[in-house]
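Numbering (our numbering), first residue to last: 1036 to 1224. The beta carbon of each residue, even a glycine, is placed where N, CA and C say it ideally should be. A quick note: this is a predicted structure, and the numbers were derived from the prediction, not measured.
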Amino acid sequence: MDFINYHSYFENIVKTDATEQIAPYNDVLYYDYTRLNWSRFNRWLKTGKLTDEIIASVAKITEPQNWLVITEPWCGDAAHVVPFIEMIARLNPNIHLSYELRDAEPFSIDRYLTNGSKSIPKLVIRDATDKDLAVWGPRPADCQKVYDSLLAEKASFDTIKLALQNWYNVNKGQAIQAELNILIASVLG
1036 MDFINYHSYF ENIVKTDATE QIAPYNDVLY YDYTRLNWSR FNRWLKTGKL TDEIIASVAK
1096 ITEPQNWLVI TEPWCGDAAH VVPFIEMIAR LNPNIHLSYE LRDAEPFSID RYLTNGSKSI
1156 PKLVIRDATD KDLAVWGPRP ADCQKVYDSL LAEKASFDTI KLALQNWYNV NKGQAIQAEL
1216 NILIASVLG
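Take a look at the structure:
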């Protein structure tokens, strides 16, 4: 699906009562968290700033590329990361960006596991023939360190959520852009 369809899908979830949802959104905790993600997602689309470095890197893409984002509205990391990927892709008409839901067919996530898990979001950069050139995700490396440390400490899910939320708010999309800048450079050779 394209961004408009993904955005509409996300919006329809938050505008429909949890009791009328299909799993997992019929679970009030998932539903409420998705509503928070909707706010975060749209805030970054409105206030996120792209760096001069990422703008320059994306301008160097002269051949068509197909970018795939594997995501879900319930994913907290995706609420912070996907808007920046969308803004970056919009910079260059050679980038065709599409979205797939992790938990729906064609289940592409099964080819892009992170340490055996279906962690999202995942960005897959492909050439015009859909040959994989690079894969990134599910979160910036420094954010992953925070997550891994809290997991090792056996922190509660709420503690982990709050720590990651704070990390993303302070970072303001800088790490995702820096990492994608390196990824794009590696693809371009």
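On the criterion of 16 or more Cβ atoms from any shown chain inside 10 Å, does residue i qualify as buried, or is it exposed?
i	result
Arg1174	buried
Pro1156	buried
Phe1142	exposed
Arg1146	exposed
Ala1113	buried
If you run the structure through DSSP and keep just helix, strand and coil, what is residue i?
i	result
Trp1109	coil
Arg1078	helix
Leu1085	coil
Glu1188	coil
Gln1209	helix
Asn1101	strand
Contact check, residue i vs residue j under 8 Å by CB: the rounded distance?
i	j	result
Ile1130	Leu1158	With a Cβ gap of about 11 Å, Ile1130 and Leu1158 do not count as contacting.
Val1093	Ile1123	6 Å
Given this structure, state the Cα-to-Cα distance separating residue i from residue j, to the nearest angstrom.
i	j	result
Ile1105	Gly1083	21 Å
Leu1103	Ser1154	15 Å
Glu1140	Leu1126	29 Å
Gly1172	Pro1108	16 Å
Gly1208	Val1116	7 Å
Ser1074	Thr1164	36 Å
Asn1061	Thr1069	11 Å
Glu1135	Thr1086	27 Å
Pro1059	Tyr1066	8 Å
Leu1199	Ala1210	13 Å
I want to check one thing, is the minimum distance from the CB of residue i to the heavy atoms of the ligand ATP below 7 Å?
i	result
Tyr1134	Looking for the ligand ATP in the displayed structure turns up nothing, as the structure carries no ligands at all.
ask   = Can you list the beta strand (DSSP E) stretches of 3 or more residues lying completely in the region 1107-1185, in chain order?
value = Given a length threshold of 3 residues, each whole run of the beta strand (DSSP E) inside the region 1107-1185 is given here in chain order: 1130-1136, 1157-1162, 1167-1171.
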